[in-house]
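Shown next, in structure tokens, is the structure this report addresses.
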Amino acid sequence: MSARRIVLTSGKGGVGKTTTTANLGAALAKRGKRVVLVDADIGLRNLDLVLGVEKRIVFDLVEVVEGRCQLRQALIKDKRFESLSILPASQTRDKTAVSELQFAQVIDGLTELCDYVLIDCPAGIEHGFRNAIAGAAEAIVVTTPEVSAIRDADRVIGKLHERGLPIRLVINRIRPEMVRSGDMMSVDDVCDILSAELLGIVPDDEEIIDTTNRGEPVVLTPDSRLGAIYEKIARRLDGEIVPFTSLNAPGFFGRLFGQKKAG
Amino acid sequence: MHELQQPQVAPVAPPVPRGRAIVVTSGKGGVGKTTTTANVGAALARTGARVVLVDADVGLRNLDIVMGLEARVRSHILDVLEERATIEDALVADKRVPTLRLLAAAQTREKDDVDTEGMRKLIESLRERFDYVLIDCPAGIEKGFQNAIVGADEAIIVCTPEVSAVRDADRVVGLLGNRTSVKLIVNRLRPALVRKGKMLSVEDVNAILRLPLLGVITDEPGVIISTNNGEPIALDDTSPTGAAYRAIAGRIAGTDASAPEIPQEPSLLKKFGSLFGGRNA
Numbered sequence: 474m475s476a477r478r479i480v481l482t483s484g485k486g487g488v489g490k491t492t493t494t495a496n497l498g499a500a501l502a503k504r505g506k507r508v509v510l511v512d513a514d515i516g517l518r519n520l521d522l523v524l525g526v527e528k529r530i531v532f533d534l535v536e537v538v539e540g541r542c543q544l545r546q547a548l549i550k551d552k553r554f555e556s557l558s559i560l561p562a563s564q565t566r567d568k569t570a571v572s573e574l575q576f577a578q579v580i581d582g583l584t585e586l587c588d589y590v591l592i593d594c595p596a597g598i599e600h601g602f603r604n605a606i607a608g609a610a611e612a613i614v615v616t617t618p619e620v621s622a623i624r625d626a627d628r629v630i631g632k633l634h635e636r637g638l639p640i641r642l643v644i645n646r647i648r649p650e651m652v653r654s655g656d657m658m659s660v661d662d663v664c665d666i667l668s669a670e671l672l673g674i675v676p677d678d679e680e681i682i683d684t685t686n687r688g689e690p691v692v693l694t695p696d697s698r699l700g701a702i703y704e705k706i707a708r709r710l711d712g713e714i715v716p717f718t719s720l721n722a723p724g725f726f727g728r729l730f731g732q733k734k735a736g
Numbered sequence: 225m226h227e228l229q230q231p232q233v234a235p236v237a238p239p240v241p242r243g244r245a246i247v248v249t250s251g252k253g254g255v256g257k258t259t260t261t262a263n264v265g266a267a268l269a270r271t272g273a274r275v276v277l278v279d280a281d282v283g284l285r286n287l288d289i290v291m292g293l294e295a296r297v298r299s300h301i302l303d304v305l306e307e308r309a310t311i312e313d314a315l316v317a318d319k320r321v322p323t324l325r326l327l328a329a330a331q332t333r334e335k336d337d338v339d340t341e342g343m344r345k346l347i348e349s350l351r352e353r354f355d356y357v358l359i360d361c362p363a364g365i366e367k368g369f370q371n372a373i374v375g376a377d378e379a380i381i382v383c384t385p386e387v388s389a390v391r392d393a394d395r396v397v398g399l400l401g402n403r404t405s406v407k408l409i410v411n412r413l414r415p416a417l418v419r420k421g422k423m424l425s426v427e428d429v430n431a432i433l434r435l436p437l438l439g440v441i442t443d444e445p446g447v448i449i450s451t452n453n454g455e456p457i458a459l460d461d462t463s464p465t466g467a468a469y470r471a472i473a474g475r476i477a478g479t480d481a482s483a484p485e486i487p488q489e490p491s492l493l494k495k496f497g498s499l500f501g502g503r504n505a
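Protein sequence lines correspond, in order, to chains Z and W. For the first sequence, the working numbering assigns the number 474 to the initial residue and increments by one for each residue that follows. For the second sequence, the working numbering assigns the number 225 to the initial residue and increments by one for each residue that follows.
Structure (structure tokens):
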């Protein structure tokens, strides 16, 4: 069986692509799925840091492409999840070191080894973006409820449509109290503007700053609110029907969000 | 009557005054380059300096939105570079500050369409017309980055207190090389998290980057609100964040020699003071 190949992209930088890739990957691996995370940000890699494997990198994606090592040799196995691996980007090269075709061939090679390939796309819509989407069959667009992030997401969705990739949306860093006071766009506003299917909603929570700095996916933290949210998103991605918690229903998420949906 | 003849001296052209070209860059996206460009630019212009903000993020422009000028953009940077518009035609006047202008990026074109040499010349002509040319660089280190830095001889690195942002900033400092004078703004600091040991401190960030510090901006909802509203917070006299941006502008202009203040969490006493309606907070 061949793996699903999913690119996580956004247009705008800093909205949480790498964090989402790491946590969704970890959540899928926790469910027993075999997952490879690919860092497509050649020259500005960070996925290794977020997963805490930066000191274990021997080979990278560019070396695979240049035939200096086998694909399997470049994969770093996560010590916490047996079925999770990462293919790091090169830090000292630039994005033109790999062509779209070469990138797609690396992803093809990975599909024999796992159930999910998650591709962490660089910011922007330049060569690195074109590489990252060349290998993908599906896309997750990560955005935040800010005008500039949504404008960029809209531009990226247009480009993904041109490629015929199915698109789902993760809305990151929602601040419920700001939505309530009318100072931030709501989930519904964002979905209306982008008219894409919703995959998940992640609140702005300082827990993520700390876990990211420490290289620990938040799904590893016991009883973590954010961890539970990423696990729900992973189940949805895996084909389960997981309802978005209604605001109107009493309960934790309803109180938390003060708006229609959460999770 | 004899007119006293001055001895003939070869005419020396007076030096053309050149403004400063400063690129605002970071490597990592989403750390606040555009917000910083808008606010530092607005703060500089408010003192009467002639300032132009250049959006170098062709294809993903946002500076027009953050400045609240998106409805007034008629021509963009590629119209100028490809000679469909003059610089004067393409400059958008700010609604609030009379000496502030915006040169918008093209939204429907690619960064590869921009000729790097043309960009250098464009920044050069802007330096003849303005005291400050602030260039808002796109994320990453691809062609868009090269185009944004080509005309600048000063750089402001915007960095958040996160490991990944520091790593990317360090890479960018390396790429800027020695010809550029580089200074640092630490953005989105949360003093309470720093105190709990859950966020890098300004000292941590600068232990790695080792750059002259222009200023520190705290993470507060007011910035998101002002950005969404297209109103630079630097123009808000009541906002402490606005004051922090104005202090940064003063340091850039050389009118403020004070060392940047590193925001601390209010002490417990002050907190309780404000809780009980005290005047200490």
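Just so you know, even glycine gets a beta-carbon here, dropped at the ideal spot from N, CA and C.
Start and end of the alpha helix (DSSP H) containing residue i?
i	result
Pro676 of chain Z	Unbroken run through Pro676 of chain Z is the beta strand (DSSP E), Glu670 to Pro676; no alpha helix (DSSP H).
Cys664 of chain Z	Val660 to Leu667
Ile359 of chain W	Counting along the chain, Ile359 of chain W falls outside any alpha helix (DSSP H), though it belongs to the beta strand (DSSP E) covering Tyr356 to Asp360.
Asn604 of chain Z	His600 to Ala607
If you count every other CB in all the chains shown that lies within 10 Å of the CB of residue i, and 16 or more means buried, which is it?
i	result
Gly502 of chain W	Because the pLDDT of Gly502 of chain W is 42, which lies under 50, any placement of that residue in the model is unreliable, and the number read from its coordinates should be weighed accordingly. Classification for Gly502 of chain W: exposed.
Glu386 of chain W	buried
Ile714 of chain Z	exposed
Pro639 of chain Z	exposed
Val531 of chain Z	exposed
Lys257 of chain W	buried
Val509 of chain Z	buried
Ser482 of chain W	exposed
Glu619 of chain Z	buried
His300 of chain W	buried
Asn604 of chain Z	buried
Val236 of chain W	exposed
Gly525 of chain Z	buried
Closest Cβ-Cβ distance between residue i and chain W: below 9 Å?
i	result
Gln543 of chain Z	no
Arg624 of chain Z	yes
Lys528 of chain Z	no
Gln732 of chain Z	With a pLDDT of 45 at Gln732 of chain Z, under the threshold of 50, the modelled position of this residue cannot be trusted, and the question is left open.
Asn721 of chain Z	Interpretation of Asn721 of chain Z is limited by its pLDDT of 35, a score under 50 that renders its predicted location unreliable; the figure taken from the coordinates is listed afterwards. No - not a single Cβ of chain W is within 9 Å of the one on Asn721 of chain Z.
His634 of chain Z	no
Val660 of chain Z	no
Arg698 of chain Z	no
Gly487 of chain Z	yes
Gly498 of chain Z	no
Ile640 of chain Z	no
Can you pull the chain Z neighbours of residue i, defined as C-beta to C-beta under 8 Å?
i	result
Ser388 of chain W	Thr491, Asn519, Leu522, Val523 and Thr685
Arg395 of chain W	Gly516, Leu517 and Gln564
Pro445 of chain W	Arg648, Met651 and Asp656
Do you know offhand how far residue i's Cα is from residue j's?
i	j	result
Val629 of chain Z	Ile598 of chain Z	7 Å
Ser250 of chain W	Ile381 of chain W	5 Å
Ile373 of chain W	Tyr356 of chain W	15 Å
Asp581 of chain Z	Met423 of chain W	39 Å
Leu399 of chain W	Ala431 of chain W	19 Å
Ile644 of chain Z	Leu671 of chain Z	8 Å
Val275 of chain W	Gly243 of chain W	9 Å
Gly688 of chain Z	Tyr589 of chain Z	21 Å
Asp461 of chain W	Glu306 of chain W	40 Å
Ser558 of chain Z	Val304 of chain W	48 Å
Leu667 of chain Z	Asp627 of chain Z	6 Å
Ile457 of chain W	Ala477 of chain W	19 Å
Thr493 of chain Z	Pro690 of chain Z	10 Å
I'd like to know whether the C-beta of residue i is nearer than 9 Å to at least one C-beta of chain A.
i	result
Pro456 of chain W	Included in the structure are the protein chains Z and W, with no chain A among them.
Chain Z beta carbons: is any one of them nearer than 9 Å to that of residue i?
i	result
Gln488 of chain W	no
Asn452 of chain W	yes
Ala363 of chain W	yes
Thr258 of chain W	yes
Lys319 of chain W	no
Leu437 of chain W	no
Asp392 of chain W	yes
Asp336 of chain W	yes
Ile359 of chain W	no
Leu417 of chain W	yes
Arg296 of chain W	no
Name the chain W residues that come within less than 8 Å of residue i, Cβ to Cβ?
i	result
Arg628 of chain Z	Gly283, Leu284 and Gln331
Ile714 of chain Z	None at all; the shortest Cβ gap to chain W is about 32 Å.
Gly608 of chain Z	Going along chain W, no residue has its Cβ under 8 Å from Gly608 of chain Z, so there is no contact; the nearest lies around 18 Å.
The ligand FMN heavy atoms versus the CB of residue i: any closer than 8 Å?
i	result
Thr384 of chain W	The ligand FMN is absent from the structure shown, which contains no ligand whatsoever.
Using a Cβ cut-off of 9 Å, pull out every chain Z residue sitting near residue i, in sequence order please.
i	result
Val290 of chain W	Val620 and Ser621
Leu327 of chain W	By Cβ distance, chain Z contributes nothing, its closest Cβ being about 18 Å from Leu327 of chain W, past 9 Å.
In chain W, what lies closer than 9 Å to residue i by C-beta?
i	result
Ala596 of chain Z	Lys252, Gly253, Gly254, Leu284, Pro362, Ala363 and Gly364
Using the beta-carbon of each residue, which ones in chain W are nearer than 7 Å to residue i?
i	result
Ile674 of chain Z	None at all; the shortest Cβ gap to chain W is about 17 Å.
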